[in-house]
Every structure is written in C-alpha cells, then in structure tokens.
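Residue numbers (our numbering), protein chains in the order written: chain W, 298 to 549; chain G, 298 to 549; chain L, 298 to 549; chain Y, 22 to 292; chain S, 22 to 292; chain U, 22 to 292.
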Ligand SMILES: OC[C@H]1O[C@H](O)[C@@H](O)[C@@H](O)[C@@H]1O
Ligand SMILES: OC[C@H]1O[C@H](O)[C@@H](O)[C@@H](O)[C@@H]1O
Ligand SMILES: OC[C@H]1O[C@H](O)[C@@H](O)[C@@H](O)[C@@H]1O
C-alpha cells in the first residue's frame with residue numbers, strides 16, 4: 298500500500314503546475330493534472346477503475362473550466378484529481394461525496410502553490426548573479442533547481458494526506474448522521490455549477506450567446522443525445538459560424 | 298347552480314372586448330377573454346377542471362391567432378371561452394364536439410359586439426356636448442357609461458344561453474345519430490386549421506418562411522418534443538436571426 | 298419464363314442511355330434506368346416485389362450519384378438495375394450479394410455502351426451526306442436509325458445473361474464456401490461508399506461542407522429520423538441558405 | 022417671462038393609467054376610441070389649461086376619431102402630452118398639427134401592434150401555456166395570466182414615457198430605421214415554429230379509406246403516416262392558408278368551406 | 022421591305038420536343054449529340070428557309086460536334102432558334118457566329134447541368150424515394166417516376182422558351198451573376214444532408230475483433246458504437262472520397278482497392 | 022562586409038523545446054516566467070554572440086519579468102529570436118526595443134491564449150472525453166491524453182516558427198484583423214453547446230417539496246420536470262453566473278454561498 302500511495306503522490310507532483318518533466322505544462326498540468334486523467338491513473342494503481350472513473354467524471358465536470366491567469370489559481374485541480382478518488386477508494390466511501398471532499402483538498406493545493414510562488418523568488422535573484430557572470434548554465438540550473446522546491450512541497454503533503462486521510466475518513470464516515478450525508482449529496486449536485494459558471498463568465502460577453510448553452514442543455518434533457526454527438530454537431534455549426542460571419546465579431 | 302351560472306356570465310362580461318375593469322384590454326379581453334384562461338376559471342367554478350382544460354386547450358388552439366383590427370371581430374373568443382366549456386360540462390357532452398359547438402357561440406358573440414359598436418355612437422354624441430361645456434367629468438362619465446350597455450348585452454345573453462342551453466344540449470345529444478357525431482368529430486379536427494391559417498396569412502409575407510412552420514410541425518411529429526422545448530429553441534434562434542440580419546428584413 | 302425474361306430485357310433497352318422512346322433521356326435513362334425504378338418493374342414482372350425492392354434500394358443507394366459527363370460512364374446503372382434483381386430473384390440467391398453481383402453486370406453494360414459509342418460514328422457520316430443533299434428526313438432517319446444498334450446491343454446480351462445466368466448462379470452458389478459469402482457481404486456493405494464518395498467528390502469544393510454530410514449521417518444514427526423528414530428539413534435549410542447568402546458562393 | 026409649465030410625473034402616470042384601463046370602454050363605429058382618448062387626456066388638460074376657453078378647445082380637439090392598437094399605442098398619448106405641454110407654454114401648435122400627428126402615428130402603430138401583439142406574442146405565449154397545461158394542468162393558464170399582463174403593462178407605460186420624452190421625431194426615426202421589421206421577422210420565426218408545433222398536436226385530419234383484397238387490408242392512412250405523419254392535417258392548413266391569402270376569402274367563407282368539404286368527405290367515406 | 026418571319030409557337034414546341042426525346046439517340050465518340058441537334062433544328066429550318074441553298078447551309082451548320090447536359094441544355098436550342106430567325110430576316114449572322122455561341126454555352130451548361138441534375142437533384146429525389154420505399158414499399162419508385170420526369174419536362178421546355186426570348190445576352194448575364202453558384206451551394210446543402218442520411222442506412226462496415234480475457238469478452242465494435250455509431254462506415258466514405266479527390270484515383274481503381282482491403286480484412290479476421 | 026549570421030533550424034528547435042518543457046518551472050511572484058524565458062534563449066544567445074560582453078547583456082536582457090500563456094506564447098520567442106538575429110547582424114535594436122516588443126505581445130497573447138486553450142479547447146476536449154468515458158470507460162481519458170498534448174505540441178512549435186518568420190509585423194497584423202475574435206466567437210459557440218450538454222448530466226438540483234391532500238400526493242419536482250426538465254439545475258447555473266459576472270463575486274465567495282444556500286434548503290426541507 299505504501300508503494301501505491303508513493304506512486305500516486307509522485308504523479309500528483311508530475312501533474313502539478315510548473316512540473317516540467319512530462320512535456321512541460323502541456324503534458325503535465327494540462328494533461329496529467331486533469332482530474333479525469335488523474336482518476337484513471339489512480340484507478341489503475343489501486344485496482345478499482347470503475348469507482349475511479351465515476352469520481353473522475355464528477356470532479357472533472359466540476360472543475361472543467363478552471364483557468365489560472367497570471368498564475369492565480371482558484372482551486373488546485375491536480376491535487377483534487379489525485380487525492381479525491383484515491384481517498385474515496387481507499388476509505389471505501391460513497392463516491393457522491395467526492396465533490397465536497399474535493400473542496401478542502403483543492404484549497405490545500407492552492408495554499409501550497411502560493412507558498413511555492415513566493416519561495417521561487419529566491420531562484421530569480423540567484424539567476425541575476427549568474428547573468429552578470431555570463432554564466433548560462435547557472436541560469437539553466439536555477440530554472441531547473443526550482444523543481445526541488447516543487448517536488449518537496451507537492452509530494453510530501455500528498456503522501457501524508459493519503460496516508461493519514463484514509464483512516465481518518467473511514468472513522469469520520471461512521472459518525473456522520475444521514476442528514477449530513479444528504480446535505481453533502483445536495484451540495485455535490487450543485488457545486489459543478491460553479492465551474493460552469495466561471496466558464497460562462499469568461500466565454501460569454503454578449504448575453505444572447507447563453508441561448509446556445511441552453512440548447513446544449515436541452516439536447517441532452519429532451520433528446521438524450523450523447524456529448525460526442527453534440528460536440529460534432531457543434532463543430533460543424535462553429536465552422537459555418539466562422540465562415541458566414543465575414544469578420545464581424547459579436548461575442549469577442 | 299344559478300349562482301355558478303351567474304358567476305360565469307359575469308366573467309364572460311369581464312373578459313369581453315371593451316370591458317375595462319381588470320387591467321383594461323390587457324387583463325380583460327387579452328387575458329380573461331382567452332379560452333385557455335376562461336376554461337380554467339369555468340373548471341374551477343363547476344368543479345371539473347380536467348374536462349374544462351381539455352376543452353380549453355382545444356378551442357384555444359383553434360382560435361389562437363384571432364386578431365381584431367379596427368374592431369372587426371371574426372369570432373368572439375371570449376364567449377367561446379366561457380360558454381363552450383361550461384355547456385360541455387353542464388350537459389356532460391363529449392368534449393370532442395367543442396370545436397363545433399364553439400362556432401355558433403362565437404357568432405352570437407360577434408353579433409352582440411356589432412350591436413354594441415353601433416349603440417355606443419350615442420355616448421360619443423353626448424360627449425361632444427360635454428366638451429362644448431368644458432365638462433371633463435361628463436366626458437369621463439360617457440366613457441365609463443358605455444359599460445352599462447356592454448354589461449347588459451354580455452351578461453344577460455350569456456346567462457340565458459347557459460341556463461337554457463344545458464338542458465337543450467342534453468336533449469339534442471340523445472337524438473343525434475352516430476354518423477353526425479362522427480362528422481362533428483371530423484369537423485372538430487379540421488376547424489383549428491382555420492385559426493392557424495389566419496395567423497399564417499398575417500405573419501407570412503415571404504412564402505419561404507412557411508418552411509419554419511413545417512419544421513415546428515415535424516419536431517412534434519417525429520421527435521415528440523413538447524412545445525415548451527420548441528419555444529425555447531425558437532427563442533434562441535430568433536435572437537440570432539435578429540442579430541445576424543443586419544437590419545435587412547426579408548419577411549417584413 | 299421466356300416471356301418474362303424478354304420483357305425485362307426489353308425494359309433494359311428502354312432504360313438504357315440513348316434510348317429515346319420514353320420521354321427521351323429524362324424518362325428513359327434517368328427514370329426507367331434508375332435501379333430503384335427498374336427493380337420495382339422487375340419485382341412486378343417476376344412476382345416478388347419484396348425481394349426486388351430490397352435489392353433495388355441497396356443498389357440504388359450504391360449507384361445514387363452516378364453521372365456520365367461527356368458520355369463517360371463509370372458503371373452502367375441501367376443494366377445493374379434490371380439484371381441484378383432479376384438474377385437474384387430467379388436464382389433465389391441471398392439479396393446481400395447484390396452489390397457484388399452488380400459489379401460485373403455494370404462493367405458488361407459499360408463495355409457495351411463504349412462499343413455503341415464507336416459504332417454510332419457511322420450514322421454521323423451518312424448524315425453528312427444527306428445534309429449536302431438538303432435532305433432533312435435523311436438526317437432524322439440517321440438519328441433514329443442508331444436505335445437499331447442500341448436495341449440489338451442492349452436487348453440481346455440482357456436476354457442471354459438472364460437466360461443462362463440464373464442457372465449458372467444457382468450452381469455457383471452451392472459451391473461457394475461460407476467465408477466467401479461472408480467476404481461478399483462485407484464487400485457489399487462497403488461498396489456503396491464508392492457511389493457516395495463520387496458524389497462528395499463532385500459536390501464538395503469547400504471541405505467544410507462535409508460537416509453537413511456528417512450531420513445527415515448522425516440524424517439517422519442518433520435520432521433515427523427517416524430520410525423524408527431529413528429531406529424536408531434540408532429543403533427549408535437550403536431555402537434560407539440561398540436567401541441569406543446574398544449572392545456570395547462559398548462552395549461553388 | 023412666464024415660468025415653463027412642466028407636466029408632473031403623477032399626471033403622466035394617471036393619464037397613462039386612464040388609457041390603459043379604459044381604452045376600449047366606449048368604442049363605437051363612429052368615433053372608435055375617441056372618447057377614451059379624450060378621457061385619458063383629462064389629467065393633462067386639467068394641469069396645463071386653467072383658462073376655460075383653452076380647456077374647451079382641448080377637450081374638443083381630443084374627442085375626434087381615434088383608433089390604435091391600445092397596448093403599444095400609448096406611445097401616441099405620450100407624444101400628444103408632450104405637444105400639449107409645448108402648446109401650453111406658447112409654442113405655435115394648433116389643433117390641426119396635433120391631430121395630424123395623432124393620425125399619422127395611428128395607422129402604422131395599429132399595423133405593427135396588431136402584428137406583434139395579438140398576431141405574434143399572444144399566440145406564442147398561449148402555445149407555450151397550452152404545452153404546459155398538457156403536462157402540468159392548471160399551471161398553464163396561470164402562467165399566461167401572470168406573464169402576459171405584467172409584461173404588457175410595463176411595456177405600455179414605458180412606451181408612454183418614451184413617447185413623452187422622445188417626441189414625434191424620435192418615434193418616427195425608430196419606425197423608419199427598419200429595425201422594427203427585423204424584429205418582426207425574428208419574432209415571426211419563433212411564432213411560426215411554435216404554431217407549427219401546436220398544429221401538429223391540435224389539427225387532426227385522417228382518411229378512413231381502406232383497400233381490402235382477400236384477407237389483407239391496406240389502410241391508406243397507415244401508408245400516409247409512414248411517408249409523412251400528419252400529411253393530411255398539414256395539407257388542410259395549406260389549403261386554408263391558400264384560400265385566405267391567395268383567394269382572399271373571408272374566415273367565415275373558409276369555415277363554411279371546411280364544413281362542406283368534411284361533410285362530403287364523411288358521406289363519401291373518405292374521412 | 023419584306024415581312025419579318027417569326028417562328029410559330031408550334032414550330033418552337035416541335036423543335037424542343039424533338040430534342041427532348043431524341044437528344045441521346047445517336048450519340049457517338051466523334052460527333053456526340055451533333056445529329057440530334059440538327060434533327061431538333063429541322064422544324065426551325067423548314068419554316069425559315071424556303072431556299073434550297075440556305076437550307077443545305079443550315080443543315081451542315083448544325084451537324085457539327087455538339088454536346089451538353091441535354092435536359093437543361095435545351096436553353097441553347099432556344100438561343101439558336103432565335104439566332105436563326107434573325108439570320109433568316111437578314112441580320113449579319115454567319116455560320117461561325119452561330120457555332121461560336123453554341124460552343125460557348127455548351128461547356129458551362131454541361132458543368133452546371135451535370136452538377137445540378139444527375140449530381141444533386143436526382144440523388145436527392147432518389148434518396149427520398151428510397152426512404153419512402155423503406156416504409157411504404159412500391160410507393161417510393163412510383164413517387165420518383167412521377168415527380169422527376171414531370172418536373173424536368175416542364176423545366177426543359179421553359180428553358181427552351183427562355184433561351185429563345187432572352188437570347189444570348191440574357192443567358193450570359195444569369196450565368197455570370199453568381200446566382201447560379203449560390204443556388205448550387207444551397208442545393209448542395211440539401212444534397213449533402215440527404216446523402217449523409219442515406220449513407221447511415223446503406224453503408225455498413227463493422228469490425229469483428231474481440232478481446233477475450235477469462236470469462237469476459239469485449240467486442241471492439243461495441244465500444245466503437247458507443248463512441249460514435251457507424252464510425253467505420255463513415256471512415257470508409259472519407260477514405261473513398263480522399264482517394265477520389267486528393268489522390269485523383271479513378272472509380273474503378275477505388276473499387277479494386279475496396280475489394281482488396283476488405284479481402285485482407287476478412288482474412289485477418291478484422292471484418 | 023561580414024557574413025549574415027543565420028540561426029540554424031536546430032537552434033530554433035532547441036530554443037522552443039526548452040521553453041515548451043520548462044516554461045513553468047521556476048514561476049514566481051516577482052519574475053513570473055522570467056528565468057524560463059532566459060533559459061529558452063540560451064541556444065540562441067550561444068549561437069549569435071561569441072563576444073562575452075554581448076552575451077552578458079543578452080542574458081540580463083531576457084531575465085526580466087515575463088509572463089504569457091505558455092503554449093501559444095511561443096510565438097513571442099520566435100519573434101524575439103528573429104530580433105536577436107537582426108541585432109547580432111548589426112541592426113539598430115537596443116535592449117529597450119526588444120523588451121517593449123515582448124511586453125506588448127505578452128498581454129494580448131495571455132488573454133487570447135487563456136480564453137482559447139484552458140477556457141475553450143480544454144473544456145471541449147474534456148467534455149467529449151467524459152462523454153466517451155461514460156459509455157466506453159477508460160478510452161475517454163486515453164483519448165484526451167493522446168489528442169491534447171499532440172495537438173498543442175505541434176501548434177506551439179508551428180507558432181514559434183511562425184513568429185520567427187513573420188517577425189513582429191506579421192503577428193500584429195493578424196491580431197488586429199479581427200479574425201481572431203471571430204474564431205473565438207465560433208469556438209465559443211461550440212464550447213457553450215458542449216458545456217450545456219455537460220451541465221445537463223452533471224449538475225443536479227431538485228426539490229423535495231410535496232403537497233399531500235388526502236390520499237393524493239403532488240411532488241413539486243414532478244411538475245417542474247414536466248414543464249422544463251432540469252429547471253432548477255439550470256437556475257443554479259444562472260445564479261452562479263450572475264454572481265460571478267454581474268456581482269463580481271470571487272469563486273470562493275460563490276462556493277461559500279452555495280454551501281450556505283443548500284444548507285438552508287436542506288434544513289427547510291426544500292432540497
Ligand atoms: O495568464 C497567462 C499565464 O499566466 C501564468 O503564466 C500561468 O498561470 C499560465 O497558466 C497562464 O496562461
Ligand atoms: O387595429 C387596431 C385596433 O383596432 C381596434 O381599436 C381594436 O380592435 C383593437 O383591438 C385593435 O388593436
Ligand atoms: O456532360 C454533358 C453530357 O454529356 C453527354 O452528352 C451525356 O453523357 C450527358 O449525360 C451529359 O450530361
């Protein structure tokens with residue numbers, strides 16, 4: 298078990314913002330760090346793919362629109378992506394509380410990131426010295442060296458949370474009254490609205506475009522179309538939207 | 298029963314064209330006077346909401362596009378709205394004959410309205426006299442006074458039709474041979490085409506817009522979508538139609 | 298049976314390219330010569346409408362986009378249309394091999410057509426002589442006379458293929474191992490892609506229009522809409538496409 | 022120099038309210054909504070003209086023939102109130118000018134209003150209400166009875182104020198810009214879609230023709246349904262529309278036509 | 022001054038009818054539809070030229086190479102009839118002019134005609150007919166056999182008359198205005214939608230690959246269907262289209278390719 | 022005259038690769054991606070400047086504050102490499118110029134990049150991946166993990182080269198033409214449609230309110246579902262959106278709000 302937890306904590310580092318090893322930000326934070334991918338890896342490691350994917354889809358949907366402009370991170374999707382499904386599986390808890398569990402996990406991740414962001418100032422100042430000496434390798438060393446901090450501050454907390462969290466969660470769960478469970482389920486149902494709302498806030502400048510969102514909503518509710526079908530239709534629509542707009546932006 | 302009939306006849310007056318008391322034309326003729334609203338009130342009063350709504354939807358669909366340009370009224374939806382469901386419920390008749398029953402009722406209403414329209418000339422002439430005297434209150438009295446005529450000519454016939462009609466209809470029904478019932482059902486199925494046709498005649502100037510009507514028709518026939526869903530989709534479509542037309546009207 | 302075969306062979310002539318008798322190219326090659334129409338006639342003659350239509354729909358779909366620019370014919374849909382369903386019905390073969398059977402039949406038809414096309418040069422030269430004499434009737438005779446060639450070269454081979462083919466096919470079928478039958482079924486499933494591909498190649502100039510094809514595909518796969526419904530919706534769409542494009546062609 | 026007499030907000034509101042409630046009260050073939058117009062101007066006249074003669078002239082001025090779609094027509098009352106205010110403050114505006122303005126706006130606003138409100142908005146809302154009624158019962162009529170009057174009351178009052186503030190030019194500008202036609206286009210798209218949907222549920226015409234050969238019975242309606250469900254109902258609508266639009270028949274004529282055609286159909290066992 | 026010789030409506034109709042029936046009768050690799058063109062001009066020549074020499078010149082003039090999409094190509098015959106009429110009335114129109122006009126119109130009208138009729142209209146109508154056949158049997162082919170020839174016959178005759186009345190300039194104007202391209206765009210939208218629908222029913226490619234691990238069997242086709250039903254069929258179409266358009270392969274080549282690929286697939290137990 | 026020093030393709034690729042992998046490595050509140058920028062310029066500097074002084078100046082020049090959406094931001098590195106090349110060949114380009122260019126491009130490219138990539142493209146791909154996962158399990162995340170990085174890696178390298186070749190002017194032209202906005206429009210249409218679909222599956226709010234009268238129980242949620250299924254969930258989204266956009270609340274604030282409101286709802290037995 299210790300080995301499995303170690304691997305998960307390691308992945309939580311590799312998928313963290315700033316970790317460069319797997320194709321930089323692209324393969325790291327934006328791929329390994331996405332809850333759906335993370336959950337699948339957790340499922341593979343812990344041998345319960347089904348629960349992992351269930352949790353993964355739920356929390357991925359919830360944090361689907363996370364962006365980090367200027368490194369400001371509202372919730373740390375990487376920590377959420379690895380720690381939430383792992384804790385759920387390890388403590389055999391109801392997957393429906395995943396959205397709620399994700400909240401404290403995500404905030405711990407944000408706190409860590411903010412610390413890293415301050416500590417890294419140190420490397421910038423040392424790099425300045427190397428520049429004056431014309432020492433290019435020194436600058437390279439500073440850029441890479443920052444990963445020692447990143448590793449330490451990502452791997453260790455993740456490991457500890459998993460190691461102690463699973464026992465704690467099991468205990469906790471026994472003591473929670475049913476009404477709280479119901480409450481957490483209700484919260485879990487609404488929380489994804491936050492991620493979607495943040496996305497809408499970002500994409501929509503002209504309110505009438507909200508109508509397109511509603512159409513997507515209804516295509517599922519009324520016609521039961523799968524998302525893949527809707528995405529393909531949407532892509533066709535987008536192509537002609539672009540073609541026929543003749544350079545005039547309405548929502549831009 | 299007399300009390301119930303009285304209330305219905307009273308409502309038939311309050312929802313008639315020209316009756317000012319419930320938010321003028323807006324809350325009267327255009328709200329209380331719509332068959333769907335009228336039928337619901339009749340259902341409430343006579344304690345058979347289900348039949349009332351069934352009849353209400355049928356005759357509302359049939360006369361959905363009635364307009365009265367320059368006070369020219371093709372069918373009196375207000376009389377139809379109150380008297381048809383009331384007669385059906387009181388005489389326990391088959392709701393399917395409602396569209397047919399609506400025809401004579403609507404024509405009686407029209408005749409009454411045409412009479413009122415002529416009688417009201419009297420008030421105009423008296424108002425002229427008050428004007429010469431600079432008597433504003435007199436003019437106000439003339440505008441309100443016309444309601445005495447409206448009330449008398451609406452309430453009394455409605456009451457009489459309901460009072461005698463229900464017995465008469467019950468008798469009548471026993472004597473009708475099945476082929477006539479079948480005929481009335483067939484007629485009832487086609488009559489709503491008249492209301493829709495009138496609407497099309499008014500809205501459509503450029504024939505290609507008829508295609509949109511056909512799409513709406515097919516969305517129900519093939520995909521079984523409810524009208525609410527179609528209306529929301531249509532609203533989204535309309536918003537972008539407006540947006541992208543760049544001020545060029547094709548159907549206007 | 299001989300009579301029936303004779304009639305089918307005759308129809309195969311009347312629907313061939315160039316046969317003028319039934320409203321020229323329009324009623325002949327483009328109507329009688331279409332596999333769906335041909336199959337229905339074969340079904341009527343041989344008394345097995347169901348099998349005929351099944352085969353007809355299959356091979357019509359497959360060769361739906363055949364065009365013959367400058368008289369260059371890739372597959373002879375007329376021969377395919379008459380001989381394939383007739384052979385299938387007469388030899389009581391599995392309709393699923395129709396697409397494969399259509400291939401050699403279509404190529405025989407093409408070969409015949411290419412021969413005719415060369416032979417007809419003769420009539421042109423004789424017509425030149427009549428022109429010099431100012432003999433209009435002679436020219437007319439040459440134009441009509443070419444039909445003797447067309448008739449001979451269409452009717453006789455068709456008759457022979459049907460007469461000998463049915464026995465031959467029955468024999469053949471008994472000897473074919475199941476894997477070949479499976480292969481032929483697989484081929485039959487893909488072959489129609491050729492006809493569709495040819496059509497796409499012709500219609501699509503701007504690749505984004507392929508998206509519309511995909512939408513049509515999905516409307517059937519996901520919503521199970523019948524083609525008639527899709528065609529009507531498509532017609533409405535096309536009307537507004539035309540209307541709103543303001544004279545700018547994107548795909549033309 | 023005399024102080025400028027400005028109509029108080031309260032007066033404007035009372036003027037609008039009078040019109041909103043009593044616009045149809047004394048409609049007649051001779052004067053149409055003429056008395057109601059004058060009635061709605063009473064608060065304005067009372068506030069502006071203290072002189073008896075001026076008041077009489079004003080009353081007479083507004084008692085003439087008037088007719089407009091009453092709900093959006095309130096914009097005319099706003100414009101008229103503004104004109105009266107200017108007149109009371111000495112501007113050269115005679116009876117004729119005011120009447121010309123009223124008459125000029127009456128026509129187009131009736132056309133636009135009847136098209137947009139009873140012709141488009143009400144049918145759309147009612148169709149939605151019918152849809153709701155079908156599944157959720159009495160919620161449907163309640164929905165209509167709440168949404169429609171609320172929306173219209175606000176709009177009508179807004180238009181009155183708009184007319185008062187923008188004056189004649191402002192209104193004419195908007196009506197000539199073509200935006201109203203594009204709006205009508207867009208609304209008609211929505212309206213037609215919804216009417217089509219409604220027709221699919223509420224118009225019903227089917228044939229009873231059958232072919233029986235041996236033990237097999239082929240019902241024509243079955244075949245039609247397979248080709249295009251509701252084909253005959255749609256055809257009926259097209260015929261009615263054609264008679265009304267191309268043949269310019271009256272609704273009553275068409276109704277008679279439907280009664281007769283279906284009668285013949287029933288007798289011949291077609292329907 | 023001599024009276025103006027005008028072609029009678031009857032002559033024009035006979036000329037068109039001759040073309041409509043016999044346009045393809047004697048097609049050949051050398052002259053294409055040349056004899057048929059001359060044949061269709063006989064009524065015109067007979068009416069216009071009483072002089073034997075003139076008649077011989079006319080016959081020779083129209084016996085040269087000619088080829089066009091025959092159904093909408095009738096517009097050229099209309100134009101030619103008009104030119105002949107002018108010539109017979111003394112206008113300076115020599116053999117060369119007439120031939121130049123015919124040749125100039127031949128090319129574009131073949132392109133447009135083949136694209137619009139066998140390339141778009143016929144496939145659409147046939148797809149609809151197949152759809153009807155699927156549910157209502159023989160009604161499908163009957164539908165096609167009635168609608169298509171009727172529509173085309175009327176159109177073709179209309180175009181002949183149009184060509185005769187508008188003359189050369191009229192036709193060129195239309196062809197240059199770009200409207201025809203936009204029409205083709207719109208029709209291709211309809212055509213592509215319908216072809217897509219048709220393909221979904223009539224193209225079938227599925228894999229038989231299975232993974233068996235212990236008692237569980239996973240069928241690849243099942244997974245593909247859940248992601249996008251008909252994925253392989255659509256892929257097959259795209260491959261064919263790619264080979265034809267980007268690789269410029271001939272249809273026969275592609276057919277061979279399909280036979281071979283599916284053969285390999287069947288042998289390797291992929292299909 | 023000295024030979025023109027041209028950056029070798031290999032150097033350009035190494036510069037891009039360094040950036041692509043290490044762009045975020047040492048991000049900090051003071052210098053942001055400054056060290057990473059300098060790091061990625063090392064190959065360029067090494068090739069262009071043999072003179073020690075020049076090299077030191079170059080290192081200092083690129084160690085200042087820098088921040089951009091890193092994946093499409095590589096276009097700036099391309100432009101910078103081109104500027105350095107010109108400078109090394111004697112063009113009058115001082116430290117200030119190069120920095121101004123970097124700063125000028127940073128802002129808009131961050132905005133565009135964050136909107137298009139984590140704001141639009143990633144959510145769309147993830148929504149599709151969720152859809153696939155739902156039916157075909159682990160194929161979903163695999164799909165995302167293959168498609169996303171491949172596409173972005175190619176794009177990012179292409180943009181680097183584009184920046185190098187087009188130089189500053191080319192980039193500015195494109196950004197001003199408005200095409201990028203129209204592209205964003207079109208992508209947002211796709212994104213919104215997909216997000217709407219996703220919300221329908223993953224956001225769940227329903228009421229537990231019941232009316233019991235006699236033996237009949239009416240569940241409010243039932244009625245709501247009949248009017249518009251998912252009404253409350255959609256409402257929740259609208260409220261969140263409203264709080265974020267119109268009320269400018271922070272995501273954390275809204276999260277607290279949701280916790281509290283649902284708590285009250287659960288206590289009052291509404292949810
Ligand atoms: O906003 C631009 C850019 O800022 C920072 O560098 C990071 O947060 C990136 O993820 C982001 O794209
Ligand atoms: O046509 C304008 C107007 O005329 C009359 O006043 C009434 O019939 C109104 O309902 C109508 O809106
Ligand atoms: O390409 C124009 C034309 O060429 C030949 O005449 C025939 O193949 C016709 O079917 C075709 O339309």
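Note that the Cβ used here is the ideal one computed from N, Cα and C, for glycine as well.
- By the rule that beta-carbons nearer than 7 Å mark a contact, residue 298 of chain W does not touch chain G.
- Secondary structure at residue 239 of chain U: strand, using DSSP grouped into helix, strand and coil.
- With contacts defined by Cβ atoms closer than 7 Å, residue 437 of chain G and residue 60 of chain Y form a contacting pair.
- Listed along chain U are 157, 160, each with a C-beta nearer than 7 Å to that of residue 244 of chain S.
- For residue 518 of chain W, no chain L residue has a Cβ inside 8 Å of its Cβ, as the nearest lies near 15 Å away.
- Considered as a whole, the segment 444 to 519 of chain L harbours no complete run of any beta strand (DSSP E) with no fewer than 3 residues.
- Taking the CA atoms as reference points, residue 44 of chain S sits about 41 Å from residue 250 of chain Y.
- For residue 229 of chain S, no alpha helix (DSSP H) segment is defined, and its DSSP state is neither H nor E.
- Judged by DSSP in its simplified three-state form, residue 34 of chain U adopts helix.
- Residue 131 of chain Y and residue 482 of chain G have their C-alpha atoms some 37 Å from each other.
- Residues of chain Y with a Cβ closer than 7 Å to the Cβ of residue 153 of chain S are, in chain order, 248.
- For chain G, the residues of the segment 87 to 104 of chain Y that bring a beta carbon within less than 7 Å of one of its beta carbons are 88, 91, 92, in chain order.
- Counting along the chain, residue 263 of chain S sits inside the alpha helix (DSSP H) bounded by residues 252 to 266.
- An exposed status is given to residue 521 of chain L, since fewer than 16 other beta-carbon atoms sit within 10 Å of its beta-carbon.
- Across the structure, residue 78 of chain U and residue 31 of chain U are spaced so that their CA atoms are roughly 23 Å apart.
- Between residue 386 of chain G and residue 348 of chain G, the gap from beta carbon to beta carbon is short of 7 Å.
- Rounded to the nearest whole angstrom, the C-alpha separation of residue 74 of chain Y and residue 110 of chain Y is 16 Å.
- For the C-beta of residue 540 of chain G, the chain W residues within less than 9 Å are, from N- to C-terminus, 503, 505, 547.
- The beta carbons of residue 526 of chain W and residue 515 of chain L sit closer together than 7 Å.
- In the structure shown, the three-state DSSP call for residue 298 of chain L is coil.
- Taking a contact as a CB-CB distance under 8 Å, the pair residue 93 of chain Y and residue 134 of chain Y counts as one, their CB atoms being some 4 Å apart.
- Residue environment for residue 113 of chain U: exposed (fewer than 16 other C-beta atoms within 10 angstroms of its C-beta).
- With three or more CB-CB distances shorter than 8 Å, the segment 324 to 340 of chain G counts as touching the segment 145 to 155 of chain Y.
- Under the 7 Å criterion on CB atoms, residue 448 of chain L is classed as non-interfacial with respect to chain S.
- 7 Å or more divides the Cβ of residue 148 of chain U from the Cβ of residue 213 of chain U.
- The beta carbon of residue 410 of chain W does not come within 7 Å of any beta carbon belonging to chain U, so the residue lies off that interface.
- With a threshold of 6 Å, the Cβ atom of residue 316 of chain W does not count as near ligand 1, since no heavy atom of the ligand is closer than that.
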